[in-house]
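Quick note: the sequence shown uses the numbering used here, first residue 209, plus one each step.
Reviewing the structure listed below.
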Amino acid sequence: MIVEFDPDLTFECVDDCTWCCQHGVLLYDQDLIELAAHANLSETTTQFRGEPFVTREEKDRDEHVAEDGHACAFLREDGLCSLHLEDDWKPTRCSVFPLGVWREDGDLHVDIRDSAHDHCEGLNVSERRVVENLESFLPELLWELENPDSDREL
209 MIVEFDPDLT FECVDDCTWC CQHGVLLYDQ DLIELAAHAN LSETTTQFRG EPFVTREEKD
269 RDEHVAEDGH ACAFLREDGL CSLHLEDDWK PTRCSVFPLG VWREDGDLHV DIRDSAHDHC
329 EGLNVSERRV VENLESFLPE LLWELENPDS DREL
């Protein structure tokens, strides 16, 4: 693995941010299998450019939503994820955030997503160094994928 970000970078989710939950969540094959154990796939997933994503739905509120008023189907009114909170599980892409992951010349590359630098409030606000916690950010599933690119959006 090739780490392309500052080794001193820290990350910790902060309350009420939910920026990453406002965009489509790409689902890898294993995520679909896991999600089927927690939700009805026909109601909570959609296809975009031939790939499965968690459905973004219109939310009847002003906070925790994107400019179009939509957010992840699993984002609750209080800004928490029902999958993570109630089922102690989250899709791979959610675990990876704020990292960008891709394969180049056979090597897995890891960097901070460009959009995270602009929008993520959890960068450099804690003592949790990303490089020391890569195993919690990068599920084994990513290592096995031919194209783990985590920057694809709905």
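C-beta atoms are modelled at their ideal positions from N, C-alpha and C, and glycine is treated no differently.
**Prompt:** Of all the options ASP270, ASP326, ARG301, which has the alpha carbon lying nearest to the alpha carbon of GLY287?
**Reply:** With distances taken between Cα atoms, GLY287 lies closest to ASP270.
**Request:** Would you tell me roughly how many angstroms separate the C-alpha atoms of PRO215 and THR226, rounded to the nearest one?
**Result:** Between PRO215 and THR226, the C-alpha separation is close to 25 angstroms.
**Start-to-end residues for the beta strand (DSSP E) that takes in HIS231** = Following the DSSP letters along the chain, one finds HIS231 in no beta strand (DSSP E), marked with neither H nor E.
**Request:** Could you check which residue in GLN230, VAL222, ASP237 has the C-alpha nearest to that of ASN355?
**Result:** Comparing Cα-Cα distances from ASN355 to each of GLN230, VAL222, ASP237, the minimum goes to ASP237.
**GLU343 to LEU243 span [Cα, whole Å]** = Each residue's Cα considered, the two are about 21 angstroms apart.
**Item:** One or two residues paired with GLY258 in a DSSP bridge
**Value:** In DSSP, GLY258 forms no bridge with anything.
**Message:** I'd like the span of the beta strand (DSSP E) that includes ASP183, first residue to last.
**Reply:** Only positions 209 to 362 of the chain appear in this structure, which leaves residue 183 out of reach.
**Request:** Please name the residue in THR253, PHE213, LEU349, LEU217 whose C-alpha comes closest to that of SER303.
**Result:** Measuring from the Cα of SER303, the nearest candidate turns out to be LEU349.
**Distance CB(PHE219)-CB(GLY330) smaller than 7 angstroms** = Against a cut-off of 7 angstroms, the Cβ pair of GLY330 and PHE219 comes out as a contact.
**Prompt:** By the 10 Å Cβ neighbour count, where 16 or more other Cβ atoms means buried, how is GLN255 classified, buried or exposed?
**Reply:** GLN255 is exposed by the Cβ-count criterion.
**Request:** Along the alpha helix (DSSP H) that carries ARG301, what are the first and last residues, could you check?
**Result:** Element bounds for ARG301: 300–304.
**Prompt:** Where DSSP assigns a beta bridge to ILE210, which residues make up the other side?
**Reply:** HIS317, per the DSSP bridge assignment.
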